[in-house]
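First up is the structure itself, then whatever we jot down about it.
Residue numbers (this note's numbering): 2 to 245.
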């Protein structure tokens, strides 16, 4: 009679170590897909709201209104946190420019330090989960391969006492053991693809964050906003003109 084959038979005839490897691969797969879903939502949300948040910030008539606008539009809080950190740093320097933390430090240096610190925190938040995906992508194939090797060894040990070994008795256990290799690849491939995609998406987000930090620094320290080749605009004069 033909030997029964399949996942259920493989699980039933496997030992504790084989079953532990299978459970580990299942847990890694579930965890990696949870991270992928969370990161995909974050990247989608950043692409959806960051452009609108920047437009709302620079279109506001005053700095407090700009902070409120970017807080309202930035669902990720990445750009909003940077704007708040820069505004707080500029305010603290004005209040303590002659003593304490502001003594002997220019407003440009003080704001730059605050913005850099906030960028580092934002980068850590943006890249959270990527290390886990990279670890799963690099180790899951080897975990599956270990399960395959152990499963084949376990199957051959089970056949060692047989007086006659036919192909059906060998092919079944060996074929079932190879399922572990396929499971390792099934876990690793989505993790690797997601890691590469999120790394590229995060690079765009960090570039936008860096550009906003430079523009924000120029505005907070000089009151001017512009890019190389553009005509500089004095936002303070614009606000005064509107008020008049």
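Yeah, the Cβ is synthetic: ideal placement off N, Cα and C, and Gly gets one too.
All figures in this text were calculated on a predicted structure; none of them were measured in a lab.
Nearest-angstrom Cβ-Cβ length linking residue i and residue j, presumed shorter than 8 Å
{"i": "residue 68", "j": "residue 57", "result": "Contact doesn't hold; Cβ gap of about 10 Å is too wide."}
{"i": "residue 210", "j": "residue 123", "result": "6 Å"}
{"i": "residue 112", "j": "residue 218", "result": "6 Å"}
Neighbourhood of residue i by C-beta distance below 8 Å, restricted to the same chain and skipping five residues each side
{"i": "residue 32", "result": "133, 137"}
{"i": "residue 115", "result": "86, 87, 89, 90"}
{"i": "residue 22", "result": "144, 145, 147, 148, 151, 181"}
Environment of residue i [buried if 16+ CB atoms lie within 10 Å]
{"i": "residue 18", "result": "exposed"}
{"i": "residue 214", "result": "buried"}
{"i": "residue 150", "result": "exposed"}
{"i": "residue 77", "result": "buried"}
{"i": "residue 182", "result": "buried"}
{"i": "residue 186", "result": "exposed"}
{"i": "residue 42", "result": "exposed"}
{"i": "residue 28", "result": "exposed"}
{"i": "residue 130", "result": "buried"}
{"i": "residue 50", "result": "buried"}
Cβ shell of residue i (< 7 Å), same chain only, five flanking positions each side left out
{"i": "residue 82", "result": "119, 123"}
{"i": "residue 142", "result": "185, 186, 189"}
N-terminal and C-terminal residue of the alpha helix (DSSP H) that residue i is part of
{"i": "residue 211", "result": "180-223"}
{"i": "residue 110", "result": "108-127"}
{"i": "residue 1", "result": "Residue 1 falls outside the range modelled here, since the chain spans only 2 to 245, and no answer is possible."}
{"i": "residue 130", "result": "Neither: residue 130 is in no alpha helix (DSSP H) and is coded neither H nor E."}
{"i": "residue 78", "result": "Unbroken run through residue 78: none, as it is neither H nor E."}
Close Cβ partners of residue i (< 6 Å) along its chain, the five nearest in sequence each way excluded
{"i": "residue 155", "result": "16"}
{"i": "residue 195", "result": "37, 134"}
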